[in-house]
Amino acid sequence: MTARTLRGRIAIVGIGETEYFRHGGSPDAEFKLALKAILAACADAGIDPREIDGFSSYSDDRNEASRLAAALGTHRLRSATMQWGGGGGGCCAAVANAAAAIAAGLADCVVVFRALAQGQYGRFGQADGIATISGEKAYLMPYGVLAPPQRFAMRMRRYMHDHGITQDALRAIALASYHHAQANPRAVMFGKPLDAAKYDASRWIVEPFHLYDCCMENDGAAALVLVAADRAHELRHAPVYLLGAATGSGHRAGAIPHNAPDYASAGFATVAPELYRMAKVGPSDVGVVQAYENFTGGVVMALAEHGFFAPEQANEFLTRDNLIAPSGRLPLNTSGGNLAECYMHGFELVLEAVRQVRGVSVNQAPRNDVALVIGGPMVTPASSLLLGSEATL
Amino acid sequence: MSQRAPFYLPSGLPTPLPEPDGLSAPYWGGLRENRLLVQRCAECRTWQFGAEWICHHCHALDPDWVEVEPRGRIFSWERVWHPSHTALTGYGPYLAVLVELPQAGAVRMIGNLLGDPMQEFAFGEEVVGQFEHHADGTIPFTLLHWKRIS
Ligand SMILES: [Zn+2]
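Those protein sequence lines, which keep their order, are chains A and B.
For the first sequence, this note's numbering gives the first residue as 1, with consecutive numbering after it.
For the second sequence, this note's numbering gives the first residue as 1001, with consecutive numbering after it.
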């Protein structure tokens, strides 16, 4: 019996995205954005879109696999997976699910994608238009804990208290993202630099999150094409291999309202060890990280839980200079990420990790053989992904 | 900004209701009678909040609802400035706290911390519950806020 692993079996062979817009700024319908990203990813791979036989997404993406397959005229549909859970917790899990389908022989060519048009469908950051509320949100919303910033700030406040984390650690993450976005013409914040004084002067959204600690809201779409590793060499680019993937959360992470036993955490205590075990690498092998920033605070926790530093070392490790490419110790969010490139629910982070391993990022890290993507701190299920070059296999 | 009568937050935020299956109805009904009810398993005595149909520890169904004293300590907090709802436009800041109830298995619940939104306080500080009745709307409901003891 072969080992149960995805390591080295699946390759990412194409990436594509639409132009990224401010929320409500897309001239295209959300479904059209999804189609454009998928066509771009197939063109990048050199694959006929009709060959796609699987679709994978997350966070209740509205653009269903069957409609996509019909619209694209694919020959047949064999795999259609949706990762449960909200936010960006599924941005790596959706890749894992697609890879698992291929590895198990359920499909041959799977597209993983995320599309968002908030002008068309409303924003995450506003909670208007709800008269009554039940379930988890009933315990929160009447107290003004309405939108994601308010739902996550308390976790970070407790974590800062437990480990002595300062605001400067959060600021360093925002500064690194904005720094990288200034070299990235795709970035919504391209041409809009951020410095420490501007961060400090920005308004509070909810303490401890300033405006610049919070992700943007955007319109756009992004997609990847996955095939089995043995097919990858026929295609246009050097394959980028999945080294490892892990998804989930710890004991009762979903206990509402705010009753998770491991409350002041990003939720990777059980996920990160699985990731490294499958990938057969450790944190010291990772040269570049894309970490989902719903809020900068989640990145602090997620990096610690992935073994880059102990929480008590966070203030020392998390400086702007340590986090920027190419000179930093651990280049972070090298496209600008959710804060400054585009909030494509973290999927833009996966595309950037592929660019890093290919060696074509506009903020290229010098150590790019092993790239980490972390999806969805503080949500459940969360997920993370390790990608590697041929040399790492 | 410190005078917030009759309610801590302005009207117009979503009204809490039990789920259609009635799962949390005892909790919301209890608040209306100035009683804080929390689930406690009759079989294994495990405390649980929010409401669920099963005890997460021993899997006995339909955990009991037990009245507990509305006292606790501040486990975490946040000061909210940005209005994420039109009802809050021009209103903030306000304080939301996560309160842990040591006498009920350290279950936690969210409420607002009454008083000056700029007040300073400590993690672990003791608070006592205060019921806020909203009887005027089409669906009456009660919230549970918290007040520092010291
Ligand atoms: Zn029990």
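For every residue, glycine included, the Cβ atom is placed at its ideal position computed from N, Cα and C.
- Task: Decide yes or no for the touch test of the stretch 59-75 of chain A against the stretch 248-264 of chain A: beta carbon pairs closer than 8 Å, at least 3 of them.
- Result: no
- Message: Checking the sheet assignment: what are the DSSP bridge partners for Trp1028 (chain B)?
- Response: DSSP, once it has assigned bridges, lists no residue as partnering Trp1028 (chain B).
- Message: Give the list of continuous beta strand (DSSP E) stretches no shorter than 3 residues that lie fully inside the stretch 1014-1077 of chain B.
- Response: 1036-1040, 1064-1068
- Leaving out five residues before and five after Ala115 (chain A) in sequence, what residues of the same chain have Cβ atoms less than 6 Å from its Cβ? Glu30, Leu33, Ala34, Asn63, Ala221
- Query: Do Gly376 (chain A) and Gly87 (chain A) come within 7 Å of each other at the CB atom, strictly closer than that value?
  - Reply: yes
- In chain order, what residues of the same chain lie with their CB nearer than 6 Å to the CB of Met154 (chain A), ignoring the 5 residues before and after it? none
- Within this structure, are the beta carbons of Ala371 (chain A) and Val357 (chain A) separated by less than 7 Å? yes
- Item | Distance cut 5 Å, beta-carbon to ligand 1 heavy atom: residue list by chain order | B:Cys1041, B:Glu1043, B:Cys1044, B:Thr1046, B:Cys1055, B:His1057, B:Cys1058, B:Ala1060
- Item | Three-state class that DSSP yields for Ala1135 (chain B) in the structure shown | coil
- Within its chain, find whatever has a CB closer than 6 Å to the CB of Glu19 (chain A); leave out the 5 residues flanking it on each side and keep chain order. none
- Task: Please classify Asn218 (chain A): is it buried, with 16 or more other beta-carbons within 10 angstroms of its beta-carbon, or exposed?
- Result: buried
- Item | Start and end residues, beta strand (DSSP E) containing His1145 (chain B) | 1141-1148
- In chain A, which residues lie less than 7 Å from Trp1077 (chain B) when you measure between Cβ atoms? Met154, Arg157
- Can you grab the Cα-Cα spacing for the pair Ser56 (chain A) / Glu1100 (chain B), in whole Å? 40 Å
- Message: Just to confirm my understanding: we take Val145 (chain A), look at its own chain, exclude 5 residues before and 5 after, and list those with CB closer than 7 Å. What are they?
- Response: Arg151
- Query: Under 7 Å between C-beta atoms, does Asn363 (chain A) make it to chain B?
  - Reply: no
- Message: Suppose the cutoff is 6 Å on Cβ atoms and the five residues either side in sequence are ignored; what does the same chain contact list for Ala238 (chain A) look like?
- Response: none
- Under a CB-based cut-off of 7 Å, is Leu1143 (chain B) close to chain A? yes
- Item | Cβ neighbours of Trp204 (chain A) in the same chain (closer than 7 Å, five flanking residues each side left out) | His210
- Task: Just the C-alpha distance for Pro331 (chain A) and Asp1136 (chain B), rounded to the nearest angstrom, thanks.
- Result: 55 Å
- Partners in chain B for Ala131 (chain A), counting only beta-carbon separations shorter than 7 Å: Pro1014, Thr1015
- Query: Looking at the C-beta of Arg1108 (chain B), does it have a partner C-beta in chain A at a distance below 7 Å?
  - Reply: yes
- Query: Excluding five sequence neighbours on each side, which residues of the same chain lie with their C-beta closer than 7 Å to the C-beta of Gln1003 (chain B)?
  - Reply: Model confidence at Gln1003 (chain B) stands at a pLDDT of 44, short of 50, so the residue's coordinates are unreliable; what they give is reported in the following sentence. Around Gln1003 (chain B): no qualifying Cβ.
- chain B beta carbons: is any one of them nearer than 7 Å to that of Glu274 (chain A)? no
- Item | Classification of Ala197 (chain A) by the beta-carbon crowding that lies within 10 angstroms, buried from 16 upward | exposed
- Indicate whether at least one CB of chain A lies closer than 7 Å to the CB of Leu1098 (chain B). yes
- Query: Distance, Cα to Cα, Met1001 (chain B) vs His1133 (chain B)?
  - Reply: Legend: pLDDT at Met1001 (chain B) = 42, less than 50; position of this residue unreliable, no value from coordinates given.
- If we ignore side chains and look at the alpha-carbon of each, how far apart do Arg236 (chain A) and Ser389 (chain A) end up? 15 Å
- Does the Cβ of Met1118 (chain B) have 16 or more other Cβ atoms within 10 Å, making it buried, or fewer, making it exposed? exposed
- Item | With 16 other Cβ atoms within 10 Å as the buried cut-off, status of Ser59 (chain A) | buried
- Does DSSP put Gln1003 (chain B) in a helix, in a strand, or in coil? For Gln1003 (chain B), the predicted structure reports a pLDDT of 44, less than 50, and the residue's modelled location is therefore unreliable. A value from the coordinates is still provided. Coil at Gln1003 (chain B), not helix or strand.
- Query: For the candidate residues A:Thr380, A:Val350, A:Leu387, whose alpha-carbon lies nearest to that of Asn368 (chain A)?
  - Reply: A:Leu387
- Item | Where Asn218 (chain A) falls: helix, strand or coil (DSSP) | strand
- Under the rule that 16 or more other beta-carbon atoms within 10 Å means buried, what is Lys36 (chain A), buried or exposed? buried
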